[in-house]
Amino acid sequence: MVRQFGEVLLAIAIAPLFAGWIGQCRAWLQNRSAPPLTQPYRMLRKLFHKDAALATDASPLFRTTPYILFGTMVLAAAIIPSVATDLPFARAADAIALIGLFATARVFLSLAAMDIGTAFGSMGARRDMMIGFLAEPALLMVLFNAFLLTGSTALPSVVESSTAHAFPIDPSLVFAAVAFLMVLLAENARIPIDNPATHLELTMIHEAMVLEYSARHLALVEWSSDLKLFNYACIGFALFLPWGIATPGADGSLALGVAVIALLAKLLVAGAALALIETLSAKLRIFRAPEYLATAFLLAVLGLLVHLLLGA
Amino acid sequence: MATDFMELQPAALPANIRSHRFRVNRVQWLQTAETLKRRNARLLTLWGTDDRDRDGGFRIYAAYLLPEMVMVVEHFMDDSPLPSYPSLAGLYPAALRMQRGMTDLFGIATDEADSRGWLRHGGWPQTLFPLRRDFDGSRQYPAVSAPYAFVSVEGDGVHEIAVGPVHAGTIEPGHFRFSVVGEKVLRLEESFGYTHKGVAKLFESASQQEGHRLAARVSGDSAVAFSWAYCAALESITETACPARALALRALALEQERLANHLGDLGALGNDGGFAFGLTQFSRLKEDLLRTNIKAFGARYLMDYVVPGGVAVDLTADARGLLLDLYDALEPALTQMRCIYDEHAGLQDRFRETGRLEQATAETLGAIGLVARASGIACDLRVDHPWAPYDSLSPKLTVQAGGDVAARVQVRFDEILESLRLCRVLLSAVPQDGIRSAVPMANPGALGIGLVEGWRGPVMLALETGPNGSIRRCHAHDPSWQNWPLVEYAVLGNIVPDFPLINKSFNLSYSGQDG
């Protein structure tokens, strides 16, 4: 139970740091001087100190959505074995429930965006729904790759079973990893699907949905986005780079220490890689998004086929 | 029925480009427009004057650009509650908004069906007309909400997206009303006037010697073009000859302005395509140029550098060296960036086929400037009607046939390279005479025009002098007037999220058209 809470608190604490690190890498890659690593925290602090302005037509749904978002992302962090695998929560919900959690967050955010009745809110919501219904099947297919290898739909079992092997790389996982990366970019409103830094309201997806939020509500939305990205990264680590995650058999505190350091090292590399991808690509025209996500889906299916044909 | 211009006794008009004016009656107003249209004339601008204090009526002027000269047609209307003249919009669609703006400002109307206001937006009572001479420009009026009647599109699943005038980014205010199905744009309607500053009214209280400062502020990114146009008009009226050195420095400043804006636009276009790397690189190049500007010309954006009779600051030998160093650094960096843009599959996918403005559409609607050149229309005042010092520089014309965002990007790249060449030629032999000659006070009632190819296109300024060195009327025209309606066409059939990219590829002035 201590581990469970520790892991959730760690996720909440370092999720903005991960976002800050990506921001720094991106700035360096574009030859800009980078903002400090703590920039996202400063932003959250600033937002929490402001008075919230609400649109006159906002319903309770609009006001509660930031809390629901934050709650679902925290819950997701509790399910994903980022540091240790013996998590009471993780035993209760498997990876398919996890996708359900992300979908719940998406539905609430879309409803809240339409709640205000502005053109931008509903425009962002319908675009996000389009991305969502294409990304979710692809993500499921990616997970099926891992399930097929390990015979379990629970992420801790996946981690435990893959770390039990000396060298857990399977050819099918390579396809799945590429597909996962594509889904991660799309689901977290990043280039090439969405541009989190844009000021052009007509091109926005995620940003259009949260345009009407301010102060603490916006802070929670931003924090949830950071957490979502962190969660996705941790799902990726659990599936494809499980080394270092503390398993039940290992020596308690030492294994945990190693696990935290391993997690930070992985985040460091993953953040730099994400920034590189985002710097090198332009944003796709929105109607290319289906092609992009269909490719991700296809790659994940190819992974399954590779496993069935060669791996067994 | 054709009109023989000789019958109308054209008179030479003081200008930096060969110009003539002639007076017409109401019937001839349309006939001359038709005749000129057949001779491939482009409408440069329309402006009105309130001459009730002088000869009891209003005048309307239309300036046309012909392959061999500029024609200014003048029509007098007797004073009546609502003087009117025949609309030119059927022949020159670009005239429509200018006419609507003139109705707001002068209370002179046309027979056009679309009589909606264009610039007023409830800022002053509808019965008052700011550019009439009896209007007191210092009075304040409470803003009254004046809803604008947008054309609505009906059909299954059609809905509207209203954007602006306040945008998510820090940009100029303008309202865009999209009628869309899903993401597809069926119709776009623009509504401007939010930055109407009353510059034309302010000119009435400025002196001839300081009018260039006001002109430079009509659209701050074209400060050199506007102030040069003003000075050219004033110098033509007073028959002042500028020193050759001053003219060379003016051209240098105009090309610097072109470089700065094109560099900024190329970065912004990359950024709007989601390629932030482009923005940071071009921002750096632009910033280097602006910093050189302040050292060489005394102002980052060259504000108030061009003054009547010459230029404000002389170019030192050090500054000349700085500029040459800048060009030597800029050219390879630009070539490299062009390679990156051209070879970036993702960016090219966004640029190509996006926001296509067909040549026929551009011709019909009277496109001018950079936008026209990107749609295959060969027009550039520096080439077609070179005034000093461009007459001795033989600038190269840049034309791209594509008409899409990619074409407008390529025109900018080509023009930067050509501007660099011109700047180097200018710096290789700067004449050694003075930088400023004295401009005498002009006789009252004289009309002169100045025409300069700014980075967006031809900037035209018409100046009418008043007594004792005052300005009776000054009309500054930004090419954005002609090109804004084209955006409405270029965006048709495109998807909503591509609009910012298309709009940026035109990068027209809100301030310039609002006046």
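Here the protein sequences line up with chains A and B, keeping their order.
Counting from 14, one number per residue, gives the positions in the first sequence under my numbering.
Counting from 24, one number per residue, gives the positions in the second sequence under my numbering.
Virtual Cβ for every residue (Gly too), placed ideally from N, Cα, C.
{"Query": "Assigned secondary structure, V15(A) (DSSP; H/G/I helix, E/B strand, else coil)", "Result": "helix"}
{"Query": "Residue burial classification, M195(A) (beta-carbon count within 10 angstroms, cutoff 16)", "Result": "buried"}
{"Query": "Interfacial residues, the region 89–107 of chain A to chain B, with Cβ spacing under 9 angstroms", "Result": "none"}
{"Query": "Own chain, CB closer than 6 angstroms to L318(A), minus 5 neighbours either side, in chain order", "Result": "none"}
{"Query": "Length-filtered (4 minimum) alpha helix (DSSP H) runs lying within the region 60–97 of chain A", "Result": "73–92"}
{"Query": "Within chain A, partners of P520(B) - CB distance below 7 angstroms", "Result": "L215, T216, I299"}
{"Query": "Contacts of S294(A) in chain B (Cβ-Cβ under 7 angstroms)", "Result": "G369"}
{"Query": "Rounded Cβ spacing between G535(B) and S242(B) (contact assumed at less than 8 angstroms)", "Result": "3 angstroms"}
{"Query": "For R45(A), the three-state DSSP class (helix, strand or coil)", "Result": "coil"}
{"Query": "Contact check, G221(B) vs R143(B), beta carbons under 8 angstroms", "Result": "no"}
{"Query": "H98(B) - partner residues in DSSP beta bridges", "Result": "V47(B), I83(B)"}
{"Query": "Rounded distance between the beta-carbons of A151(A) and A313(A), thought under 8 angstroms", "Result": "6 angstroms"}
{"Query": "Beta-carbon proximity list for D74(B), same chain, < 7 angstroms, skipping 5 on both sides", "Result": "G80, F81, R82"}
{"Query": "Contact under 8 angstroms by Cβ, A271(B) with V453(B)", "Result": "yes"}
{"Query": "First and last residue of the uninterrupted beta strand (DSSP E) at I472(B)", "Result": "470–476"}
{"Query": "Span separating the alpha-carbon of A172(B) from that of R123(B)", "Result": "14 angstroms"}
{"Query": "Residues near M24(B) by beta carbon distance below 8 angstroms, same chain, minus five either side", "Result": "Residue placement at M24(B) cannot be trusted, given a pLDDT of 44 that sits under 50; the coordinates are not used to answer."}
{"Query": "Supposed contact pair R65(B) and G389(B) - C-beta distance, whole angstroms, cut 8 angstroms", "Result": "6 angstroms"}
{"Query": "Local Cβ density within 10 Å of C38(A), reported as buried at 16 or more and exposed below that", "Result": "buried"}
{"Query": "Selection from L311(A), V234(A), S95(A) that minimises the alpha carbon distance to V21(A)", "Result": "S95(A)"}
{"Query": "8 angstroms Cβ cutoff, R373(B) in contact with chain A", "Result": "yes"}
{"Query": "Any C-beta of chain D under 8 angstroms from that of H320(A)", "Result": "Reference to chain D is not applicable here, since the protein chains of this structure are A and B."}
{"Query": "Proximal chain B residues relative to L287(A), where beta-carbon distance stays under 7 angstroms", "Result": "Simply none; closest approach about 14 angstroms."}
{"Query": "The beta strand (DSSP E) enclosing S214(B), as first and last residue numbers", "Result": "207–214"}
{"Query": "Limits of the unbroken alpha helix (DSSP H) element including W3(B)", "Result": "Here chain B comprises residues numbered 24 to 538, so residue 3(B) is not present and cannot be evaluated."}
{"Query": "C-beta atoms of F152(B) and G130(B) nearer than 8 angstroms", "Result": "yes"}
{"Query": "Where V330(B) sits in the DSSP three-state scheme", "Result": "strand"}
{"Query": "Buried or exposed by the 16-neighbour rule on C-beta atoms within 10 Å, applied to K309(B)", "Result": "buried"}
{"Query": "Backbone secondary structure at L198(A) - three-state DSSP", "Result": "helix"}
{"Query": "For W70(B), the three-state DSSP class (helix, strand or coil)", "Result": "strand"}
{"Query": "When P73(A), F300(A), P79(A), I258(A) are compared against P169(A), the one with the closest alpha-carbon", "Result": "I258(A)"}
{"Query": "Residue span of the alpha helix (DSSP H) that contains P1(B), given as start and end", "Result": "Since the first residue shown for chain B is 24 and the last is 538, residue 1(B) is missing from the structure and cannot be characterised."}
{"Query": "Test: G378(B) CB closer than 8 angstroms to a CB of chain A", "Result": "no"}
{"Query": "Residue range of the unbroken beta strand (DSSP E) whose run includes F201(B)", "Result": "198–204"}
{"Query": "Cβ-Cβ distance between R312(B) and L292(B) below 8 angstroms", "Result": "Going by the sequence as given, residue 312(B) is Leu instead of Arg. Not in contact: L312(B) and L292(B) (Cβ atoms no closer than 8 angstroms)."}
{"Query": "Candidates S123(A), G134(A), V172(A), I109(A), of which the one nearest F157(A) by Cα", "Result": "I109(A)"}
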